[in-house]
Amino acid sequence: MKCSTLLQRLTQPKNCASENKMKTEFYKIENVLEMTTADAEAIKRAAEILTNNGLVAFPTETVYGLGASAYSWKAATMVYEAKGRPSDNPLIVHVSSPDEAESFAQTNDIYYDIADRFMPGPVTVILKKNPCIPDTVTGGLDSVAVRCPSHPVARALIHETGIPIAAPSANLSGRPSPTTAGHVLHDLDGRIPMIIDGGPCRVGLESTVIRPEGDGTVRLLRPGAVTVEMLRAAGYNVLVDPAVTDPSAAGKNPESPGMKYKHYAPEADVYLVDTSGSKLSFAEAVMSLNAENSGKTAVICYRSEAKNFPEGYVVLDSGGAADADEHARRLFANLRQADESGVDRVYCHLPEKDGIGLAVYNRVIRACSGRIIKF
Ligand code: TXA
Ligand code: MG
């Protein structure tokens, strides 16, 4: 549907997070690969909420998203309100097929090549925006982030709505992104009209964000499951933005505004423990750091290391030592679990920095706000 038609069709917002607590419908889809008639009806209800400028949380393969019409400045404003998100942090616009971006962005060859290779999937491309996308969606930028998710529920919902859906991660701002519908309910119950549960997210970290720079060069603004190695193997010259590995490099006006905000942080203080320069094991390093501390401590460690921690530690399993996909999938749930367990501090194993490990590293250094301890 064209922007102009839609702008006419869209009405006043019906659901506003700043009003009194609303009832949140929680609908679970048991089998996302074989949706039932009842599931289709729920998706219809969700699409109706979206076209009426309301908000719906839905599953994607990366993390849960908080959807709003990408053509409505009011709906975008409600997204910021519901999340408590700074309004200069732009939203990603989701489509059910890459060519739908034509109606609101200036597509280019790199976009279509990336789309052919990696969409639907966990990658987001920054393009110049057309005027039909309100400034509230893009935080005042003249560019727009475009993503075509692969999750069947996300695709069905965008298709049914018939318009592009602006969606940040469906967490309260600053909290770890939600990888289950339960996480969304925890953060947004009573603040939005509907949550669709499509099970745990397969990837567990947000999409890779890239900006084409011409001449076969792309700038990596946020690492994700479409890795630097995959982009290089596709023939791209990949410039990794300095803020990816050093949050302090983000400065006041980073390439990706989201990079300057505190992110992914549980209530507890998170420490990243780097034992790469010593013979100490992770457990030995943690024990030496923690010897004098009182209160409760959690560790995020490889499964094989769990047995090395004495009773009293909350041991959060990040997966098999060599399974970086599992580390990615479990990270945010582990950070949330740390809070559920009421710990005062969390020590986290240093992730590998290649493949999807770079995305895990990027999230952990933000969660720990620079508390990196080197041995
Ligand atoms: O996997 C994902 O991308 C998830 C799911 C729901 O699709 N969404 C997500 O959205 O992570 P959010 O809002 O949590 O993160 C969006 C990121 C931010 O870092 C933001 O700065 C960046 O994308 N971004 C959005 N529009 C941009 C633009 N025009 N230029 C540069 N960065 C942009
Ligand atoms: Mg987010």
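Each number in the numbering used here corresponds to the 1-based position in the sequence shown with 264 added. Positions of the beta carbon are idealized from the N, C-alpha and C atoms, including for glycine. Quick caveat, the model's predicted, so the values are computed rather than measured.
Spatial neighbours of residue i in its chain, beta-carbon cut-off 8 Å, leaving aside the 5 residues before and after
{"i": "D538", "result": "L614, I636, I637, K638 and F639"}
{"i": "T288", "result": "L449, L452, D453, G454, R455, I456, P457, M458 and I459"}
{"i": "G499", "result": "G480"}
{"i": "R475", "result": "V389, I390, S407, V482, R483, L485 and E519"}
{"i": "K392", "result": "A369, Q370, D406, S407 and V408"}
{"i": "P398", "result": "Y335, S336, W337 and A340"}
{"i": "S568", "result": "G584 and A585"}
{"i": "V401", "result": "A334, W337, A340, P354, L355, V357, V408 and A430"}
Segment limits, beta strand (DSSP E) that includes residue i
{"i": "I474", "result": "T472 to G478"}
{"i": "V331", "result": "With the sequence shown as reference, residue 331 is identified as Gly, and Val is not the correct amino acid for it. Its beta strand (DSSP E) spans residues G329 to S333."}
{"i": "E289", "result": "E289 to K292"}
{"i": "L544", "result": "Note, L544: premise wrong, no beta strand (DSSP E); not H, not E."}
{"i": "D538", "result": "D533 to D538"}
{"i": "A321", "result": "V320 to F322"}
{"i": "I636", "result": "I636 to K638"}
{"i": "C612", "result": "R609 to H613"}
{"i": "L436", "result": "Here L436 belongs to no beta strand (DSSP E), and DSSP marks it neither H nor E."}
{"i": "C565", "result": "T561 to C565"}
{"i": "N650", "result": "No answer is possible for residue 650: it lies beyond the span of the chain, which begins at 265 and ends at 639."}
{"i": "D581", "result": "V578 to D581"}
{"i": "L485", "result": "T481 to R486"}
Extent of the continuous alpha helix (DSSP H) run through residue i
{"i": "H415", "result": "Note, H415: premise wrong, no alpha helix (DSSP H); not H, not E."}
{"i": "G621", "result": "G621 to A631"}
{"i": "R458", "result": "Note on identity: in this sequence residue 458 is Met, with Arg being the wrong assignment. No alpha helix (DSSP H) contains M458, which is instead part of the beta strand (DSSP E) from M458 to D461."}
{"i": "L599", "result": "A588 to E604"}
{"i": "T315", "result": "T301 to T315"}
{"i": "R496", "result": "V492 to A497"}
{"i": "L452", "result": "A445 to L452"}
Exposure of residue i, with buried meaning 16 or more beta-carbon neighbours within 10 Å
{"i": "A623", "result": "buried"}
{"i": "R609", "result": "buried"}
{"i": "E364", "result": "buried"}
{"i": "Q370", "result": "exposed"}
{"i": "A346", "result": "buried"}
{"i": "D380", "result": "exposed"}
{"i": "R627", "result": "buried"}
{"i": "P432", "result": "buried"}
{"i": "A434", "result": "buried"}
{"i": "A302", "result": "exposed"}
{"i": "G329", "result": "buried"}
{"i": "A214", "result": "Since the first residue shown for the chain is 265 and the last is 639, residue 214 is missing from the structure and cannot be characterised."}
{"i": "E556", "result": "exposed"}
{"i": "D510", "result": "exposed"}
{"i": "T300", "result": "exposed"}
{"i": "D618", "result": "exposed"}
Integer Cβ distance of residue i from residue j, believed to fall under 8 Å
{"i": "G584", "j": "V490", "result": "At roughly 22 Å, the Cβ-Cβ gap does not stay under 8 Å, so G584 and V490 are not in contact."}
{"i": "Y335", "j": "C396", "result": "6 Å"}
{"i": "T326", "j": "V467", "result": "5 Å"}
{"i": "L314", "j": "T425", "result": "5 Å"}
Own chain partners of residue i with C-beta closer than 7 Å, once the 5 adjacent residues on each side are dropped
{"i": "S542", "result": "F639"}
{"i": "Q601", "result": "L580"}
{"i": "P521", "result": "D352, N353, P354 and G403"}
{"i": "V502", "result": "V482, L484, V492, L495 and R496"}
Nonlocal neighbours in the same chain, by C-beta distance under 6 Å from residue i, ignoring five residues either side
{"i": "A549", "result": "V537, T539 and F639"}
{"i": "G621", "result": "A588 and P615"}
{"i": "A420", "result": "I307"}
{"i": "R593", "result": "G468"}
{"i": "P416", "result": "V296"}
Worksheet item: Taking the runs of the alpha helix (DSSP H) that are 4 residues or longer, which of them lie wholly in the region 343 to 405?
Response: Uninterrupted alpha helix (DSSP H) stretches at least 4 residues long and entirely within the region 343 to 405 occur at 373 to 382 and 399 to 402, given in chain order.
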